[in-house]
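A short write-up of the structure that comes next.
In the working numbering, the protein residues as written are 2 to 486.
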């Protein structure tokens, strides 16, 4: 195969790590340079050993107020004291300094009250994330999440240098600051840290093609802190060890038949059940993976990945006053479906445009037993906008389908595939498929959705999550599913 080297983002995932937040009251000492006049005065005293305040006043040409101010500042440095005769006298420390070449410094003590965050997987103080930890994202659990027996005082003392790297307080971050005393550290609550990871397929002359994970929830410096604690490695290990599914609700072949995808079927390893992404992307570079017209094109990775902006482009291409039917979204049953903080931002940004056109993204989950319904609610109610349970006969499968029906509509479909385990991360799945503005393909996908959400009795649609200022109700959804053809 004549490979064309490429690099491509293929997945974006976010995970929640258990943590505990503490309120710490402590003091630090900080060595700071002494101002020139004060330093000159101290050096004079070091030369003569003792000197009267009057002599200081005359030597520096000061009035009485200036003299008293200078003497107080000199005494506060700790280098000089008043002796029994009321004279300024060099301390033992100052006399020892006279034989040293180091600069004079003043050690000040500062008190602080700061919040510290300790992750419960590695027991390390961790920095602030650039992302908000939305409820519902996948959690990486730890058996000791609720423990209280950790010696937080010892941990804080041992990791104070790390804490300096984590905080934004310039006094604490000062390179010459040191922990002086812990006054108290109190546990406030159990919390969570969010870790966002972008996965990219890359090429290396030595390794060939491989999947690389990059931390995107923290800036570069904080990312190094996350990595040095071992937390990033634990997340990578977790993703690498996700179980690979060997039984499918919907086979890849059936998916291609339903969606009339004649392209992807050629790149699936049916024996080992993985999608040959390298061969596909290589052929795509050589323009061998087209769908026959410009209305349909590949969609690689989640719709909310940065390169996948076709939905927004479609919406911006419409006339300003054009109204649209509801956008119906069928989720996939993959454990990594929507497992990203980007999902919430994507839906909010698309809904901002759709609502001006009388539309909105409506995500429909099959109504199942109480336990399954609870899991769906907890996973998506804070992140997916308007979502409903519907009493369909069918269960979710590996196909993710989104349709705005009509002659001027838009749709996309994707199958959540495993990749070649030799690329790394054998448990990782990515969605891959196509987006389309072809009316015939849109109608094919819309009719599939209507059949998928069919029921043996009257359809019942129940809301469990509503987007901001939603004007949609279950009756409007019902009417579109039944009547829109």
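Where is the CB? At the ideal position from N, CA and C, for every residue including glycine.
So residue 81 packs on residue 90, CB below 8 Å; how close in whole Å?
By a beta-carbon distance limit of 8 Å, residue 81 contacts residue 90. Their separation comes to about 7 Å.
Considering only the alpha carbon of each residue, which of 287, 284 and 253 lies closest to residue 272?
Ranked by Cα distance from residue 272, the options 287, 284 and 253 are led by 253.
Got a sec? Which residues, its chain only, sit under 6 Å from residue 316 by beta carbon, not counting five neighbours each side?
The answer, listed in chain order, is 354.
My understanding is that residue 157 touches residue 194, with C-beta atoms under 8 Å, so please give their C-beta distance in whole angstroms.
With 8 Å as the limit, residue 157 and residue 194 do not qualify as a contact, their Cβ atoms being about 17 Å apart.
Taking the alpha-carbon positions, what's the residue 20 to residue 140 distance?
Taking the straight line from one Cα to the other gives about 11 Å.
Comparing C-alpha positions only, which one of 346, 350, 387 and 351 sits nearest to residue 366?
Nearest option by C-alpha distance: 387.
Just tell me which of 62, 183, 154 and 456 has its CA closest to the CA of residue 28.
The shortest C-alpha separation from residue 28 is found at 183.
Burial state of residue 463 (16 or more Cβ within 10 Å):
Classification for residue 463: exposed.
I need the DSSP call for residue 341, collapsed to helix, strand or coil.
Three-state result, residue 341: coil.
For residue 254, which of helix, strand or coil comes out of DSSP?
In the structure shown, residue 254 sits in a helix (DSSP, three-state: H, G or I).
Looking at the C-beta of residue 21, does it have a partner C-beta in chain E at a distance below 8 Å?
Considering every chain present, this structure includes no chain E. It has just one protein chain.
Nearest residue (CA-CA) to residue 437, options 347, 406, 373 and 59
Comparing alpha-carbon positions, the option among 347, 406, 373 and 59 lying closest to residue 437 turns out to be 406.
Helix, strand or coil: how does DSSP classify residue 259 here?
For residue 259, the three-state secondary structure derived from DSSP is helix.
Would you report the Cα separation of residue 477 and residue 362, rounded to the nearest angstrom?
For the pair residue 477 and residue 362, the Cα-to-Cα distance works out to about 13 Å.
Would you mind working out which of 378, 375, 356 and 344 sits nearest residue 16, comparing C-alpha positions?
Taking the Cα of residue 16 as reference, the smallest distance to any Cα among 378, 375, 356 and 344 is reached at 344.
How about residue 311 and residue 351: are their beta carbons less than 8 Å apart?
Not a contact, by the Cβ cut-off of 8 Å.
Considering only residues of the same chain and omitting the five flanking positions on each side of residue 360, which have a CB-CB separation below 8 Å?
Closer than 8 Å at Cβ, skipping near neighbours: 324, 325, 326, 327, 328 and 405.
Using CA coordinates, which residue listed in 258, 287, 95 and 249 is at the minimum distance from residue 274?
If you compare the alpha carbons of 258, 287, 95 and 249 with that of residue 274, the shortest gap goes to 249.
Between residue 278 and residue 420, what straight-line distance do the alpha-carbon atoms span, to the nearest angstrom?
Rounded to the nearest whole angstrom, the CA to CA distance from residue 278 to residue 420 is 7 Å.
Helix, strand or coil for residue 381? Go by DSSP, reduced to three states.
In the displayed model, residue 381 falls within a helix according to three-state DSSP.
Along the chain, where does the alpha helix (DSSP H) that runs through residue 238 open and close?
That run of the alpha helix (DSSP H) goes 232 to 241.
Return the CA-CA distance between residue 280 and residue 429, expressed in angstroms with no decimal places.
Approximately 18 Å, taken between the alpha carbons.
Pull up the CB-CB distance for residue 232 and residue 125, whole angstroms please, since I reckon it's below 8 Å.
Taking C-beta atoms under 8 Å as the contact rule, residue 232 and residue 125 qualify, at a distance of about 7 Å.
Segment contact, 8 Å Cβ cut-off, at least three pairs: the region 216 to 226 with the region 129 to 137:
Contact between the region 216 to 226 and the region 129 to 137 is present, because at least three Cβ pairs lie under 8 Å.
What are the boundary residues of the beta strand (DSSP E) that includes residue 23?
9 to 34 is the span of the beta strand (DSSP E), which, as asked, contains residue 23.
Three-state secondary structure (DSSP) of residue 114:
In this structure, residue 114 counts as strand in the three-state DSSP scheme.
Using 10 angstroms around the beta-carbon of residue 11, count the other beta-carbons present and answer buried if the total reaches 16, otherwise exposed.
Per the 10 Å Cβ criterion, buried.
Could you pull out every residue in the same chain whose Cβ sits closer than 6 Å to the Cβ of residue 146, ignoring the five residues on either side in sequence?
Its pLDDT being 48, under 50, residue 146 is placed unreliably by the model, and the measurement read from it follows with that caveat. Here the set comprises 19 and 121.
Note down the Cα distance separating residue 285 from residue 163, rounded to an integer number of angstroms.
Rounded to the nearest angstrom, the gap between the Cα atoms of residue 285 and residue 163 is 46 Å.
Return the CA-CA distance between residue 136 and residue 383, expressed in angstroms with no decimal places.
Answer to the nearest angstrom: the Cα atoms are 7 Å apart.
Residue from 301, 336, 39 and 154 whose Cα sits closest to the Cα of residue 24
If we check each option's Cα against that of residue 24, 154 comes out closest.
Sheet register partners of residue 417 (DSSP bridge):
In DSSP, residue 417 forms a bridge with 432.
Helix, strand or coil: which one does DSSP assign to residue 146?
Unreliable placement is indicated for residue 146, whose pLDDT of 48 sits below 50; the coordinate value is still reported in the next sentence. When DSSP states are grouped into helix, strand and coil, residue 146 belongs to the coil group.
So what does DSSP say about residue 273, is it helix, strand or coil?
In the structure shown, residue 273 sits in coil (DSSP, three-state: anything other than H, G, I, E or B).
Cα-Cα separation between residue 499 and residue 301, rounded to whole angstroms:
Because the chain is modelled from 2 through 486, residue 499 falls outside the range shown and cannot be assessed.
Where does residue 121 fall in DSSP's three states?
Three-state result, residue 121: coil.
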